[in-house]
Amino acid sequence: MVHRLPRQFVDATTTSTTTSNGVSKSIIDSIPVFKYNNVLVGVENKTECAVCLGEFKADETLRLLPKCNHVFHLPCIDAWLQWNKTCPLCRVLIVHSMPVTNDSSTATSNENHHIDMA
Numbered sequence: 001m002v003h004r005l006p007r008q009f010v011d012a013t014t015t016s017t018t019t020s021n022g023v024s025k026s027i028i029d030s031i032p033v034f035k036y037n038n039v040l041v042g043v044e045n046k047t048e049c050a051v052c053l054g055e056f057k058a059d060e061t062l063r064l065l066p067k068c069n070h071v072f073h074l075p076c077i078d079a080w081l082q083w084n085k086t087c088p089l090c091r092v093l094i095v096h097s098m099p100v101t102n103d104s105s106t107a108t109s110n111e112n113h114h115i116d117m118a
């Protein structure tokens, strides 16, 4: 089942800084972003955003969910994730709860994010 958010909902919620049962802004911002081109190798749902059902256009900014490789318009998925913790297509959790520890060796860094599209 695909949920469709009306465009005005997407536009209204992208400026919100609060989340309700969704993913924090810092986590949303850490999810990879790229520019769309007509050749997306290894990425599912290559031609349209499942949130707004609009087709991707050249050079549009998209967000790639790393766990499932589903792709969405940046404002669409950001609005979705403010209210949900799962992919709108397959319902995989965006982040898994991890126990809080004081061990600095378990900390992860987003600095080395790399997406190999080939």
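Taking UniProt numbering, the leading residue of the sequence shown gets 1, the next gets one more, and so forth. Idealized CB from N, CA, C, for every residue including glycine. Since the structure is predicted, the reported quantities are computational estimates derived from the model, not experimental observations.
Exercise for the section: Would you tell me roughly how many angstroms separate the C-alpha atoms of residue 76 and residue 95, rounded to the nearest one? Expected result: 18 Å
Problem - residue 62 and residue 74 closer than 8 Å at C-beta - result: yes
Problem - residue 65 burial status per 10 Å Cβ neighbour count (16 or more: buried) - result: buried
Exercise for the section: Specify the secondary structure class of residue 74 as computed by DSSP and reduced to three states. Expected result: helix
Practice task
Please classify residue 81: does DSSP put it in a helix, a strand, or coil?
Solution key: helix
Exercise for the section: Quick one: measure Cβ to Cβ for residue 50 and residue 93, integer angstroms, because I've assumed they're closer than 8 Å. Expected result: Actually they are not in contact, since the Cβ atoms of residue 50 and residue 93 sit about 17 Å apart, beyond 8 Å.
Exercise for the section: Just grab the DSSP bridge partners of residue 33 for me. Expected result: 63
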